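Structure record follows, encoded as structure tokens.
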Amino acid sequence: MKMISAIIKPFKLDEVREALAELGIEGMTVVDVKGFGRQRGHTELYRGAEYQVDFIPKIKLEIATRSENTQRVVEAITEIASTGKIGDGKIFVYDLEQIVRIRTGELDEEAI
Numbered sequence: 267m268k269m270i271s272a273i274i275k276p277f278k279l280d281e282v283r284e285a286l287a288e289l290g291i292e293g294m295t296v297v298d299v300k301g302f303g304r305q306r307g308h309t310e311l312y313r314g315a316e317y318q319v320d321f322i323p324k325i326k327l328e329i330a331t332r333s334e335n336t337q338r339v340v341e342a343i344t345e346i347a348s349t350g351k352i353g354d355g356k357i358f359v360y361d362l363e364q365i366v367r368i369r370t371g372e373l374d375e376e377a378i
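Following the working numbering, the numbering of the sequence shown begins with 267 at its first residue and continues without gaps.
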């Protein structure tokens with residue numbers, strides 16, 4: 267089992283969600299986050315005054331999936347979330363040791 271954590275631009279969320287639903291992904295967690303990578307933020311103009319924005323708004327998706335689905339999920343997110351511009355985001359994949367569905371007590375793949 268794998269946990270896929272993807273940081274994407276907010277306006278790409280609906281497209282990514284739809285693509286993952288087509289792959290049979292039944293659930294995900296979505297969190298509003300702020301951060302920066304290589305772009306180190308940017309400057310904006312507000313009422314004639316320039317100011318530095320250090321943390322850029324992003325969306326973090328967390329998806330638990332079977333190991334055999336991992337590559338398809340990563341490819342779908344990469345394809346849909348890409349704009350070709352700096353700040354498109356990152357995808358992290360890591361192993362899951364255990365999953366427990368609280369309501370039923372189901373374990374691991376049955377709990378996904």
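Glycine residues also receive a C-beta, built at the ideal position from the N, C-alpha and C atoms.
These numbers come from a predicted model, not from an experiment.
Near residue i, which residues of its chain fall below 6 Å by C-beta distance, leaving aside the five closest residues on each side in sequence?
i: isoleucine 270; result: Ile329, Val339, Val359
What is the DSSP secondary structure of residue i, counted as helix, strand or coil?
i: glutamate 292; result: coil
i: phenylalanine 277; result: helix
i: serine 348; result: coil
i: glutamate 363; result: coil
i: isoleucine 343; result: helix
Keeping to the same chain, check which residues put their C-beta closer than 8 Å to that of residue i; ignore five residues upstream and five downstream.
i: alanine 287; result: none
i: lysine 325; result: The sequence shown places isoleucine at residue 325, not lysine. For isoleucine 325, where only same-chain residues beyond five positions count, the Cβ hits under 8 Å are Ile273, Ile274, Lys275, Pro276, Lys278, Leu279, Val296, Val297, Asp298, Val299.
Between the options, which has its C-alpha nearest residue i's C-alpha?
i: threonine 344; options: Glu372, Val299, Lys356, Ile352; result: Lys356
i: aspartate 320; options: Arg304, Gly314, Lys326; result: Arg304
i: alanine 377; options: Ala347, Thr349, Thr331; result: Thr331
i: glycine 301; options: Gly293, Ala342, Pro323; result: Pro323
i: threonine 336; options: Asp361, Arg283, Glu372, Arg313; result: Asp361
Leaving out five residues before and five after residue i in sequence, what residues of the same chain have Cβ atoms less than 7 Å from its Cβ?
i: serine 348; result: Asp354
i: alanine 342; result: Ala285, Leu286, Leu289
What's the call for residue i, buried or exposed, on a 16-neighbour Cβ count within 10 Å?
i: leucine 289; result: exposed
i: leucine 327; result: buried
i: isoleucine 352; result: exposed
i: isoleucine 368; result: exposed
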